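Working notes, structure below.
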């Protein structure tokens, strides 16, 4: 995305305005409203940068509402999601998610980036990774546009939106008192700033130094964190990602 692009310029101007308003309120000890403007900025750039969709300025439009739902509902893409207790409530909740996901599919399908999507006629000879069987042992095949979009929806929500938003929020909290790491943090975590400390002099204008700041922030507070657990007993997978049988651990 080029900085001269009107969509990017509008998003940047909006971000600058909302940031200045929130910072004035924070410094005055008033309710500054949180980092919603960072979420909006990241969502605008992800949708524009990935698929060429401009959310626009009308919060009541389908594109705007769907995009903002997507950035705020990371777990909702799981087909095995946990729904609220109660059969009626659960069905209503699931139906609402399916409606939003269907809207997101429609937006992607009509996007400039995917308007002329055609699956590969054949897998290139040098694409050895694509020639492996999938984890069910099925041979590789062409993926239809609908199938590709089905995969793009959760990838966009979880990787495209969750990661950049989390990183941007961590960096931005430097201007709003620092990042709260929570009561379950370790002594080492409490002794180490999880974001650039308040008052940090960001090296704006020096991309190399700014990149180091971002990488260090990612190291201290990963934007997409890892979940680790122990299996109660050894397990085996018949075909692990096309590499054959594998025992875990």
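Numbering (this note's numbering), first residue to last: 135 to 383. A virtual CB, placed ideally from N, CA and C, is assigned to each residue, including glycine. Being a predicted model, the structure only gives us computed values, none of them experimental.
| query | result |
| --- | --- |
| So, for residue 167: in the same chain, excluding its five sequence neighbours on each side, which residues have a beta-carbon less than 8 Å away from its beta-carbon? | 156 and 159 |
| DSSP state of residue 195, grouped into three classes? | coil |
| Tell me the rounded alpha-carbon separation between residue 347 and residue 245. | 34 Å |
| In the structure shown, what three-state DSSP assignment does residue 370 receive? | strand |
| How many angstroms separate the CA atom of residue 191 from the CA atom of residue 198? | 8 Å |
| When we look at the beta-carbon of residue 200 and count the other beta-carbons within 10 Å, is it buried (16 or more) or exposed? | buried |
| State the Cα-Cα distance for the pair residue 234 and residue 141, rounded to the nearest angstrom. | 24 Å |
| Does the stretch 275-284 touch the stretch 307-314, meaning 3 or more C-beta pairs lie closer than 8 Å? | no |
| Our contact map puts residue 351 next to residue 301 with C-beta atoms below 8 Å; I'd like the distance itself, whole angstroms only. | 7 Å |
| Report the three-state DSSP secondary structure of residue 313 (helix, strand or coil). | coil |
| If you draw a straight line from the C-alpha of residue 294 to the C-alpha of residue 188, how long is it? | 16 Å |
| Can you tell me whether residue 188 is helix, strand or coil according to DSSP? | coil |
| Thinking residue 176 and residue 298 are a contact (beta carbons under 8 Å), I'd like their distance in whole angstroms, please. | 5 Å |
| At which residues does the alpha helix (DSSP H) containing residue 160 begin and terminate? | 140-161 |
| Using a Cβ-Cβ cut-off of 8 Å (strictly less than) and excluding sequence neighbours within five positions of residue 165, which residues of its own chain qualify? | 159 |
| Taking C-beta to C-beta, are residue 328 and residue 357 nearer than 8 Å? | no |
| What is the rounded straight-line gap between the Cα of residue 152 and the Cα of residue 353? | 28 Å |
| How about residue 184 and residue 247: do their beta carbons lie closer than 8 Å? | yes |
| Give the DSSP-derived three-state secondary structure of residue 297 in the structure shown. | helix |
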